[in-house]
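*Asks:* Numbering (numbering that gives the first Met the number 0), first residue to last: 0 to 303. Glycine residues also receive a C-beta, built at the ideal position from the N, C-alpha and C atoms.
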Amino acid sequence: MSPTRGAAARLKAARAARTSVFSNIFLTGGKLAAGLFTGSVSILSEALHSGLDLAAAVMALLAVRKGREPADADHNFGHGKYESMSGLAEGLLILAAVGLIVWGAVGRLLSGETEIRAPLLGVLVMGISAAVNVFVSRMLFRVSKETDSVALEADAWHLRTDVWTSVGVLAGMAVIAIGTWAGFAEVHHLDPIVAIGVAIVITRAALDITRRAYNHLVDRSLPAAEVESIQSLLREHYPELSGYHSLRTRQAGPERYIDLHLEVPGERSVAHSHILCDHLEKDLQRIIPGAEILIHVEPKRENG
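(1) Would you mind sorting GLN250 into buried or exposed? The rule is 16 or more other CB atoms within 10 Å of its CB.
(2) Compute the distance between the beta-carbons of LEU169 and VAL135, then report whether it is under 8 angstroms.
(3) Is it buried or exposed, LEU206, if we count other Cβ atoms within 10 angstroms and call 16 or more buried?
(4) Any chance the stretch 106 to 126 sits against the stretch 31 to 43, with 3 or more Cβ pairs inside 8 angstroms?
(5) When DSSP labels each residue in this structure, what does ASP218 get in the three-state scheme?
(6) From VAL226 to THR248, what distance separates their C-alpha atoms?
(7) Considering ALA129, what are the terminal residues of the alpha helix (DSSP H) in which it resides?
(8) Check each candidate in LEU60, MET172 and VAL197 and name the one with the smallest Cα separation from LEU99.
(9) What are the boundary residues of the beta strand (DSSP E) that includes ALA223?
(10) Taking the C-alpha atoms as reference points, what is the distance between LEU216 and GLU89?
(11) Just to confirm the assignment, what range does the beta strand (DSSP E) spanning ALA251 have?
(12) Among residues of its own chain, excluding the 5 on either side of ILE175, which ones have a beta-carbon nearer than 7 angstroms to its beta-carbon?
(13) For HIS278, collect the residues of the same chain with a Cβ closer than 6 angstroms to its Cβ; drop the 5 residues on either side in sequence, then sort them by chain order.
(14) Assuming contact is defined by CB atoms lying nearer than 8 angstroms, are SER49 and ALA150 in contact in what I supplied?
(15) What is the residue span of the alpha helix (DSSP H) that VAL295 lies within?
(16) Can you tell me whether ILE199 is helix, strand or coil according to DSSP?
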């Protein structure tokens, strides 16, 4: 990735992460106040969810700042894995929230303390939360795609799951409000049931985020589609070279790495081989933008 492009990506990613931090401060405070006033465990679970979103957004902000720094003497391959570590931590935070939400909801069901005060307040707060998070999550998904940031993508999934769960809690509060008006006290038991539903929904997103970040940290190969596009490109150049082997790929945060051994006819000059490598690198950069590419040139093997 060029220095100019890298600086622009760092600036854009940091701006997006700051927006997420500020929106989560606002939403966490609003949900906590509403949850305490209404006595709703589902709204309190959403406050906890947003609190973890806030922690995740702060981690994402720190990660994109550090992860986009250029390579230095102590980090020869750059700092991309800071973003991967942030994504892993965020996924684990969501799973921790799931456990706390289920614990509180089951406790309410067993104790029978499920009465909700002013459920329409919950409807209002959850509606505002869903609207804000739709806007911010869309922005984060767009910027994460443009900058290839796993930390911002993880943060976006945090907020997207918050949209789904906020809508679920909103619907639950609306039903409770209608049931209370109609004189059905049993409808209040819906609140902890909705909270458990919130936990189930966000578990899948947590597992997906954790898996992707873990794959980066253990140097898993690039996705099969990207590897196939690399192999197809190399096959296109067979008339100019004798073959290739030891193709290796990996990803660290936004950075992708490709290295391979390229076989050329023994009679080819070093200058010609260098030109061929430059040509291949440009073509690989076209299909995997910003990739770090290392090509080892060697003469054609006798058994090749």
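*Replies:* By the coordinates alone:
(1) Within the sequence shown, numbered from 1, the residue matching residue 250 stands at position 251. Under this definition GLN250 is a buried residue.
(2) For the purposes of this step, residue 169 is identified with residue 170 of the sequence shown, where counting begins at 1. For the purposes of this step, residue 135 is identified with residue 136 of the sequence shown, where counting begins at 1. No, Cβ-Cβ distance for LEU169 and VAL135 is not below 8 angstroms.
(3) Counted from its first residue, the sequence shown places residue 206 at position 207. Answer is exposed; the Cβ neighbour count stays below 16.
(4) yes
(5) By 1-based counting over the sequence shown, the position of residue 218 is 219. Three-state DSSP puts ASP218 in coil, outside helix and strand.
(6) Here the question's residue 226 lines up with position 227 in the sequence shown. Here the question's residue 248 lines up with position 249 in the sequence shown. Using only the alpha carbons, I get a separation of about 8 angstroms.
(7) Here the question's residue 129 lines up with position 130 in the sequence shown. Unbroken alpha helix (DSSP H) run through ALA129: 118 to 146.
(8) Along the sequence shown, one-based indexing puts residue 99 at 100. If we check each option's Cα against that of LEU99, VAL197 comes out closest.
(9) The residue given as residue 223 occupies position 224 in the sequence shown. Element bounds for ALA223: not the beta strand (DSSP E) but the alpha helix (DSSP H), 223 to 235.
(10) Here residue 216 corresponds to residue number 217 of the sequence shown, with the count starting at 1. Here residue 89 corresponds to residue number 90 of the sequence shown, with the count starting at 1. Approximately 14 angstroms between the Cα atoms of the pair.
(11) In the sequence shown, counting from the first residue as 1, residue 251 sits at position 252. Unbroken beta strand (DSSP E) run through ALA251: 242 to 251.
(12) Here the question's residue 175 lines up with position 176 in the sequence shown. Same-chain partners within the cutoff: ILE115, PRO118, VAL186, HIS187, LEU189 and ASP190.
(13) One-based indexing of the sequence shown puts residue 278 at position 279. Nothing listed; no residue qualifies.
(14) In the sequence shown, residue 49 corresponds to position 50, counting from 1. In the sequence shown, residue 150 corresponds to position 151, counting from 1. No. Outside cutoff.
(15) Residue numbering aside, residue 295 sits at position 296 when the sequence shown is read from its first letter. Note on identity: in this sequence residue 295 is His, with Val being the wrong assignment. Not the alpha helix (DSSP H): HIS295 falls in the beta strand (DSSP E), residues 291 to 298.
(16) As a position in the sequence shown, residue 199 is number 200, starting the count at 1. It is helical.
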